[in-house]
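Novice: There's a structure below that I have some questions on.
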Amino acid sequence: MREAGVGTLLFTTGGGSIHPVPMFGNVNAAAGALRNWVLNLHSELAGSGIYAAHIAINTWLGEGGPEGIPSASPEQVAPLYWDLYERRDQAEAVFNG
């Protein structure tokens with residue numbers, strides 16, 4: 018990507034990377050670290066033609082999630098990725114359903 022001067026890197030975590038949820042406490046720490054790394058990568062790559070962004074999915078994907086947790090299908094989430102890819106103007110987006 019650096020040689021070509023163009024590229025897109027989209028990283029995904031759960032919503033707990035931004036607003037931790039106690040039942041996912043163990044994975045929230047790792048997701049929060051990945052989020053921080055991506056936001057720094059976004060800043061570091063600014064102006065290089067390479068775009069990096071973080072997407073936090075704040076819903077359960079598919080059926081059968083924990084009670085009280087909203088759910089969404091991959092088809093509902095996909096447009097957010099495409100929008101980020103096309104616009105390339107945000108370091109982060111959150112899908113809330």
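Residues are numbered in our numbering as their position in the sequence shown, beginning at 1, plus a constant of 17. All residues carry an ideal CB built from backbone N, CA and C; glycine is no exception. Being a predicted model, the structure only gives us computed values, none of them experimental.
Which same chain residues end up closer than 7 Å to alanine 69 when comparing Cβ atoms and leaving out the 5 residues on each side of it in sequence?
Specialist: Only Leu26, Val55, Leu58, His59, Leu62 meet the Cβ criterion.
Novice: When you compare each of Trp99, Pro83, Gly79 to serine 90 by their alpha carbons, which one comes out closest?
Specialist: It is Gly79 whose Cα lies nearest to the Cα of serine 90.
Novice: Under 8 Å between the Cβ atoms of tyrosine 98 and isoleucine 72?
Specialist: The answer is yes: Cβ separation under 8 Å.
Novice: Using the C-alpha atoms, what's the distance from isoleucine 74 back to threonine 29?
Specialist: Rounded to the nearest angstrom, the two C-alpha atoms are 7 Å apart.
Novice: Between which two residues does the alpha helix (DSSP H) harbouring glutamate 92 extend?
Specialist: Run containing glutamate 92: 91-104, per the alpha helix (DSSP H) assignment.
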